[in-house]
Amino acid sequence: MEALPLFQQMYEKHFTSFHDEKSVGLPLGRLLQTIGGSDNLKKALDIFTRLRTLAANGKKDTPCEDKEIELALSNLSKVMEEQGQSESGSGAVPPESEHPL
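The sequence shown begins at 15 in the working numbering and counts up by one.
Structure, rendered in structure tokens:
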């Protein structure tokens with residue numbers, strides 16, 4: 015898991031563009047999802063939700079036009095449902111937290 019600390023450090027810095035944040039956020043979220051565990055899945059959900067909100071021009075809980083982000087959220091929701099960790103039970107994505115990590 016040598017990549018995890020690197021991705022976390024990169025994600026915590028302030029990005030100058032959405033593209034930069036997405037370039038680090040998606041792989042970090044996927045890595046956290048692969049590692050598993052409720053804390054890591056929640057962190058991945060927060061990251062993907064933040065990216066989705068940014069892609070939707072700041073509108074929370076609104077689907078965006080970015081297929082990579084939507085697929086990441088969909089896959090994560092499926093994993094969380096399979097593990098009984100979905101907060102709503104319907105696969106809906108809860109609002110993002112203030113700080114994803």
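In this text, a Cβ means the ideal position worked out from N, Cα and C, and glycines have one as well.
The model shown is predicted, which means the values in this text are computed figures rather than measured ones.
Report the rounded CA-to-CA distance for threonine 67 versus leucine 20, giving the unit in angstroms. 24 angstroms
Between the C-alpha atoms of glycine 39 and glutamate 95, what's the straight-line distance to the nearest angstrom? 22 angstroms
Residues in its own chain within less than 8 angstroms of isoleucine 83 by CB, not counting five upstream and five downstream? Lys36, Leu40, Phe62, Leu65, Arg66 and Ala69
In three-state DSSP terms, what is asparagine 54? DSSP places asparagine 54 in helix when its eight states are reduced to three.
Locate the alpha helix (DSSP H) running through threonine 48, then write down its first and last residues. From DSSP, the alpha helix (DSSP H) with threonine 48 extends over 32-49.
Once DSSP output is grouped into helix, strand and coil, what is the label at threonine 76? coil
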